[in-house]
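Have a look at the structure below before the remarks.
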Amino acid sequence: MRRTWSLRRTDQRGLTLVELLVALVMLGVIFGGMFASTSAMARSWALGQHRVWVQQTGRASLDWMIRRIRLAGQGYERSWASCLPFYRVAEPARFAFRADVSAGAGVCGPFEELEYAVSGGRLVETIRGAGGSSTSRALTVNEEVGIITVTDLNFCYYDIFDQLILDQSLSVVEGQETCSGAVRTTRLADIYRVKVRVRVVSGRQGELPFDIASQAVRRLEVLP
């Protein structure tokens, strides 16, 4: 008698269409979550880097202005007494002074007249020289998404005893010390310390403004 052996394989069926679709959906959810998380991290990093760049640009502009203010009157000689006082205009949002920043004659002796103010949302330096010549340039620069806007520029003026010049008053506005009132001409020579605050905001939508402050002290050699 011949025996016939038959081999029966079990559990050899493939995935059904429903199981395959479920697996694909699960993979899509996993990779989608990974992509969303990576994209959010990249956006957060880019935003942080951009804000740091804006802060550095604002700080560089303020530092440039402070270095210029510290030059006021340096190299003064008594033969240029008619050039005094070296601080010419002292207003809450505008400051002008005399300093020797270029070769040749200036508006008085060797001194040019420098002025700092906000124009069109930008911090602008104006230099006036001999013969009525004048040049202006913006210290805050363009960026790839717009303009770094200066929304506030404020000057506070103190005497040698570190007291606010009487023509000014001090208040707190939006959490920042803010001075108002212009120093009259007869008191310009009393200014010893100049405190400057700049408020800057990026051109990117949704970014908050931030404040940068610094100060400059009159050099002793400026005194007549």
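Residues 477 to 700, numbered by our numbering, are exactly what the sequence shown covers, in order.
Glycine included, each C-beta is placed from N, C-alpha and C at the ideal position.
Quantities reported herein were computed from a predicted structural model and do not represent experimental measurements.
Span of the beta strand (DSSP E), counted from its first residue to its last, around residue i
i: Tyr633; result: Thr625 to Tyr634
i: Leu646; result: Ser645 to Val649
i: Ala614; result: Ser610 to Ala614
i: Glu588; result: Glu588 to Ser595
i: Phe571; result: Arg570 to Ala575
i: Ala581; result: Looking at the DSSP string, Ala581 is not in any beta strand (DSSP E), and its letter there is neither H nor E.
i: Val674; result: Arg669 to Val677
i: Ile603; result: Arg598 to Arg604
i: Arg564; result: Tyr563 to Glu567
i: Asp687; result: Phe686 to Val693
i: Gln639; result: Where Gln639 is concerned, there is no enclosing beta strand (DSSP E), given that its DSSP letter is neither H nor E.
i: Ser555; result: Premise fails: Ser555 is in no beta strand (DSSP E) and is neither H nor E.
i: Glu653; result: Gln652 to Ser656
Nearest to residue i (by Cα), restricted to the options the options
i: Arg694; options: Trp540, Gln550 and Ser595; result: Gln550
i: Gln652; options: Asp643, Gly605 and Arg675; result: Arg675
i: Glu650; options: Arg673, Gln639, Thr662 and Asp638; result: Arg673
i: Tyr592; options: Leu646, Ile545 and Ala536; result: Ile545
i: Arg527; options: Val677, Gly597 and Ser645; result: Val677
i: Arg598; options: Ala606, Gly607, Asp638 and Leu538; result: Leu538
i: Ala692; options: Leu560, Leu547 and Phe507; result: Leu547
i: Thr662; options: Ser612, Met510 and Pro561; result: Pro561
Whole-angstrom distance between residue j and residue i, CA atom to CA atom
i: Trp529; j: Ala575; result: 30 Å
i: Arg564; j: Asn630; result: 17 Å
i: Val594; j: Ala512; result: 42 Å
i: Ala614; j: Pro586; result: 24 Å
i: Met502; j: Phe686; result: 45 Å
i: Glu495; j: Thr625; result: 57 Å
i: Val600; j: Met541; result: 10 Å
i: Arg580; j: Phe573; result: At residue 580 the sequence reads Gly, which differs from the Arg that was named. Going from the Cα of Gly580 to the Cα of Phe573 covers about 18 Å.
i: Val648; j: Ile688; result: 15 Å
i: Ser610; j: Glu683; result: 35 Å
i: Asp643; j: Leu664; result: 10 Å
i: Thr492; j: Leu500; result: 12 Å
i: Val583; j: Glu553; result: 16 Å
i: Leu590; j: Ile603; result: 5 Å
i: Ile641; j: Thr654; result: 14 Å
i: Asp628; j: Ser645; result: 17 Å
i: Arg535; j: Leu497; result: 56 Å
i: Gln639; j: Gly605; result: 33 Å
i: Ser690; j: Arg543; result: 11 Å
i: Gly607; j: Met517; result: 57 Å
i: Gln532; j: Gly596; result: 21 Å
i: Val577; j: Ser555; result: 19 Å
i: Val505; j: Thr616; result: 45 Å
i: Phe507; j: Thr514; result: 10 Å
i: Ser558; j: Glu588; result: 14 Å
i: Ser612; j: Gly509; result: 52 Å
Contact test: residue i Cβ vs the ligand FMN heavy atom, cutoff 6 Å
i: Asp635; result: Absence of the ligand FMN from the depicted structure is noted, as is the absence of any ligand whatsoever, leaving it without description.
inquiry  = Using 8 Å as the cut-off, can you tell me whether the region 654-668 makes contact with the region 559-569, which would need three or more C-beta pairs spanning the two stretches below that distance?
reply    = yes
request  = Inspect the CB distances between the region 632-642 and the region 666-673 and report whether three or more fall short of 8 Å.
outcome  = yes
message = To test your reading of the DSSP string, which unbroken beta strand (DSSP E) runs of 3 or more residues are found completely within the region 528-552?
response = none
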